[in-house]
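Participant: Pasting a structure below so you can have a look.
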Amino acid sequence: MEHANDKYGVVFVAELLELILLHLDMKTLLVSASRVCRYWATTIAGSPRIQQALFFQPLPPAETERPESFTLNPLLVEKFGRCFFDIDRKHTYLRRADSFLRLPWAPEGAIAKQGTAGSLTLEKSKSLESLTRGNSSWRRMLVSQPPPPSLGYLRLDVVDIWFHEVYTTQINPRPPLKGLTMGQLYDMVHSTICDRENYTTWYRVSWDKARELHQMEVCKEKVSRLLEETNVVVEFYRQGEDDHDYDCGPWDIISVREAFRSEGCADSKIEGLTEGELQEFQPLHLDVSTPIWYHTVEDDSTVDAESCGYGYL
Numbered sequence: 004m005e006h007a008n009d010k011y012g013v014v015f016v017a018e019l020l021e022l023i024l025l026h027l028d029m030k031t032l033l034v035s036a037s038r039v040c041r042y043w044a045t046t047i048a049g050s051p052r053i054q055q056a057l058f059f060q061p062l063p064p065a066e067t068e069r070p071e072s073f074t075l076n077p078l079l080v081e082k083f084g085r086c087f088f089d090i091d092r093k094h095t096y097l098r099r100a101d102s103f104l105r106l107p108w109a110p111e112g113a114i115a116k117q118g119t120a121g122s123l124t125l126e127k128s129k130s131l132e133s134l135t136r137g138n139s140s141w142r143r144m145l146v147s148q149p150p151p152p153s154l155g156y157l158r159l160d161v162v163d164i165w166f167h168e169v170y171t172t173q174i175n176p177r178p179p180l181k182g183l184t185m186g187q188l189y190d191m192v193h194s195t196i197c198d199r200e201n202y203t204t205w206y207r208v209s210w211d212k213a214r215e216l217h218q219m220e221v222c223k224e225k226v227s228r229l230l231e232e233t234n235v236v237v238e239f240y241r242q243g244e245d246d247h248d249y250d251c252g253p254w255d256i257i258s259v260r261e262a263f264r265s266e267g268c269a270d271s272k273i274e275g276l277t278e279g280e281l282q283e284f285q286p287l288h289l290d291v292s293t294p295i296w297y298h299t300v301e302d303d304s305t306v307d308a309e310s311c312g313y314g315y316l
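Following the numbering used here, the numbering of the sequence shown begins with 4 at its first residue and continues without gaps.
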C-alpha cells in the first residue's frame with residue numbers, strides 16, 4: 004500500500020509532474036491535462052517550460068532580433084490552415100475576404116452557397132461564437148517559437164492604371180507581450196479585408212522568405228527587406244475605386260466581418276508607415292491576382308509544416 008502511494012505520489016511533485024506533462028502532445032496538454040485536477044492546472048499555469056511548450060510564453064531569451072530558425076505553432080496551423088500558414092509551396096495565391104469561409108471552423112457549406120451578390124447574411128454559428136470569444140486561448144498563443152520580434156507590413160495602393168503607391172512598416176507586438184500572437188495577426192488581416200470600403204483588398208501572409216509571385220518587382224524587394232528583420236510579413240494589395248469584379252460571393256461583406264470578428268477586437272491602426280513611393284506599374288505575373296475562390300481543391304489541402312522545416316519539435 005505504501006509502495007502504491009509512492010507511485011501515485013509522483014504526479015503531485017511539481018518538478019516530476021512537469022517532466023511527465025512535457026511528454027504529452029500539445030493538444031492533450033492544453034485541453035485535457037489541466038482538467039484532471041486543480042493541482043495539475045496550477046502546475047501547468049505556473050510552469051514556464053510548459054507555457055513555452057504551449058506557445059503562451061516565448062523561449063528564452065526574448066530576442067528582439069529575427070530568429071534564424073523557428074517552429075510554427077501546430078494548433079494554429081491546423082485551425083487556420085492556408086489562410087494564414089500557406090508555407091509549404093513555392094507559389095501562393097493572394098486571397099480576399101471569402102477565404103475566411105474556408106477556415107476549418109467556418110459555417111458548414113458557406114463556401115459553396117450560390118446566390119445574388121451580397122444577398123445573403125452570414126449568421127454566427129456556435130463554433131464561431133466559441134472561437135471568437137475575447138478570452139479564447141488561441142488569441143494569446145505565439146505564432147511560432149521563438150516568436151517573430153514584429154509583424155512586417157506592406158500595402159500597395161492603386162493610384163491609377165499605371166501608378167501605384169507602396170507603404171511598409173514593422174508592427175511591434177502588443178504590450179506586455181514579447182512576441183507576435185495569433186490574435187494580433189488575425190485582427191490585422193480581418194479588420195483590413197472585411198471592410199465595406201476595403202473589401203476588394205487582396206492579402207497574403209508570407210513566412211521566412213518572399214513568395215515567388217508578386218505584382219511588381221518593388222513589392223518583392225520590399226517584402227524581402229522586411230523579412231530580414233522578422234519572420235513574417237502580411238501583404239495587402241488595395242484595388243482602385245473602379246474595381247467591382249469582386250463581391251464575396253452571395254454573402255454580405257458586413258455580415259462576414261461581424262461573424263468572424265473577435266470580441267473586443269479593435270480595428271488595427273497602422274503607425275510608422277514609410278512614405279508611399281509612387282511606382283510605375285510593371286507587372287511580373289498577372290496570374291497572381293487569380294481569385295482564390297476558384298481553387299477549392301487546392302486551397303483545402305492540409306499544410307505540411309514538417310516538410311519545409313517549420314514542424315513541431
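We put the CB at the ideal spot given by N, CA and C, even for glycine.
Comparing alpha-carbon positions, which option in E18, L104, L57 and V235 lies nearest G155?
Facilitator: By one-based count along the sequence shown, residue 155 stands at place 152. Out of E18, L104, L57 and V235, V235 has the C-alpha closest to the C-alpha of G155.
Participant: Just list the residues that DSSP pairs T171 with in beta bridges.
Facilitator: As a first step, residue 171 is located in the sequence shown; it is residue number 168 there, counting from the start. T171 pairs with L157.
Participant: I think T195 touches F239, with their Cβ atoms under 8 Å apart; what is that distance to the nearest whole Å?
Facilitator: Sequence index remark: in the sequence shown, residue 195 carries index 192 (1-based). Sequence index remark: in the sequence shown, residue 239 carries index 236 (1-based). Contact holds; Cβ gap of about 6 Å.
Participant: In whole angstroms, what separates the C-alpha of I295 from that of R98?
Facilitator: Position 292 of the sequence shown, counting from 1, holds the residue named residue 295. Position 95 of the sequence shown, counting from 1, holds the residue named residue 98. The predicted position of I295 is uncertain, since its pLDDT is 38 and thus under 50; a value taken from the coordinates is nonetheless stated next. Distance between the alpha carbons of I295 and R98 is about 6 Å.
Participant: With H, G and I counted as helix, E and B as strand and the rest as coil, what does DSSP make of V162?
Facilitator: The residue given as residue 162 occupies position 159 in the sequence shown. Three-state DSSP puts V162 in coil, outside helix and strand.
Participant: Quick one: is T233 buried, meaning 16 or more other Cβ sit within 10 Å of its Cβ, or exposed?
Facilitator: Taking the sequence shown and counting its residues from 1, one reaches residue 233 at position 230. T233 should be labelled buried.
Participant: Per DSSP, R241 is paired with what?
Facilitator: Position 238 of the sequence shown, counted from the first residue, corresponds to residue 241. Beta-bridge pairing links R241 to D160.
Participant: In terms of residues, what are the limits of the alpha helix (DSSP H) holding V259?
Facilitator: Within the sequence shown, residue 259 is the residue found at index 256, counting from 1. Unbroken alpha helix (DSSP H) run through V259: I256 to A262.
Participant: Considering R207, what are the terminal residues of the beta strand (DSSP E) in which it resides?
Facilitator: Reading the sequence shown from its first residue, position 204 is the one you call residue 207. Note, R207: beta strand (DSSP E), W205 to W210.
Participant: Run the CB neighbour count on K129, radius 10 Å, all protein chains shown included, and call it buried at 16 or more, exposed below.
Facilitator: Here the question's residue 129 lines up with position 126 in the sequence shown. Result: exposed.
Participant: Let me check understanding here. Comparing Cα to Cα, which of V169, A262 and R241 lies closest to K223?
Facilitator: The residue you call residue 223 lines up with position 220 of the sequence shown. When each option's Cα is compared against that of K223, the closest is V169.
Participant: Buried or exposed for V16, going by 16 or more other Cβ atoms inside 10 Å?
Facilitator: As a first step, residue 16 is located in the sequence shown; it is residue number 13 there, counting from the start. Result: exposed.
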